[in-house]
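In UniProt numbering, the protein residues as written are 1 to 147.
1) Return the chain-ordered list of same chain residues with a C-beta closer than 6 angstroms to the C-beta of residue 102, the five sequence neighbours on each side being excluded.
2) Would you mind stating whether residue 72 and residue 108 have Cβ atoms separated by less than 8 angstroms?
3) Count Cβ pairs between the region 34 to 45 and the region 56 to 75 that sit closer than 8 angstroms; are there 3 or more?
4) Rounded to a whole number of angstroms, what is the C-alpha to C-alpha distance between residue 13 and residue 3?
5) Drop a sphere of 10 angstroms on the beta-carbon of residue 43, count the other beta-carbons inside from all chains shown, and report buried for 16 or more, exposed for fewer.
6) Excluding the 5 residues flanking residue 62 on each side, which residues of the same chain have their C-beta closer than 7 angstroms to its C-beta?
7) Tell me whether residue 15 is buried or exposed, calling it buried when 16 or more other Cβ atoms sit within 10 Å of its Cβ.
8) According to the Cβ coordinates, are residue 124 and residue 77 closer than 8 angstroms?
9) So what's residue 107 in DSSP terms, helix, strand or just coil?
10) May I have the straight-line CA-CA distance separating residue 83 from residue 115, to the nearest angstrom?
11) Let's see if you can read the secondary structure: which residues bound the beta strand (DSSP E) around residue 24?
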């Protein structure tokens, strides 16, 4: 099927690649179907709405940037997404890219959790004061380099 996207123009996609968010994404509850597209030559992906071409979120793998990032999903989320094994889970976080890339932030407080087996997804708001919606994406790497 053809899909109009924000960053990739019109693309051909498989129905089987659609990720269903039963209750949408917070703030976009009416948007329930998304796909993940690569953002070529970058560590980022695009979480693209199937229904609305202009609705797309830049995402990334939080574990690439935050080695100590760790959380436990509430039982209600595990049951709702029908997660059976930890390896069936794919985690992304929404990124806000800034003109000065080093100022870009990641929302570690609300990761996007996807069951790769059944393509069910949910943005999960964590009750953990260690994580905020605006963690500097490159701060840990800069600290390791002593910058």
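Glycine residues also receive a C-beta, built at the ideal position from the N, C-alpha and C atoms.
This structure is a prediction, so every number in the text was calculated from the model and none was measured.
Result, derived from the coordinates:
1) For this step, residue 102 is matched to residue 102 along the chain shown. Excluding residues within five positions, the ones whose Cβ falls inside 6 angstroms are 138.
2) Numbered from 1 along the chain shown, position 72 holds the residue referred to as residue 72. Numbered from 1 along the chain shown, position 108 holds the residue referred to as residue 108. Their beta carbons are not under 8 angstroms apart, which means residue 72 does not touch residue 108 by this criterion.
3) yes
4) Counted from its first residue, the chain shown places residue 13 at position 13. Counted from its first residue, the chain shown places residue 3 at position 3. Roughly 7 angstroms between the two C-alpha positions.
5) Here residue 43 is taken as the residue at index 43 of the chain shown, counted from 1. Residue 43 comes out exposed.
6) Along the chain shown, read from residue 1 onward, the residue named residue 62 stands at position 62. For residue 62, where only same-chain residues beyond five positions count, the Cβ hits under 7 angstroms are 69, 91, 93, 106, 108, 111.
7) Taking the first residue of the chain shown as position 1, residue 15 is located at position 15. Exposed: under 16 other Cβ atoms inside 10 Å.
8) Counted from its first residue, the chain shown places residue 124 at position 124. Counted from its first residue, the chain shown places residue 77 at position 77. Their beta carbons are under 8 angstroms apart, which means residue 124 touches residue 77 by this criterion.
9) The count along the chain shown starts at 1 and reaches residue 107 at position 107. Coil.
10) Translated into positions along the chain shown, residue 83 becomes position 83. Translated into positions along the chain shown, residue 115 becomes position 115. Between residue 83 and residue 115, the C-alpha separation is close to 6 angstroms.
11) Counting from 1 along the chain shown, the entry for residue 24 is found at position 24. Unbroken run through residue 24: none, as it is neither H nor E.
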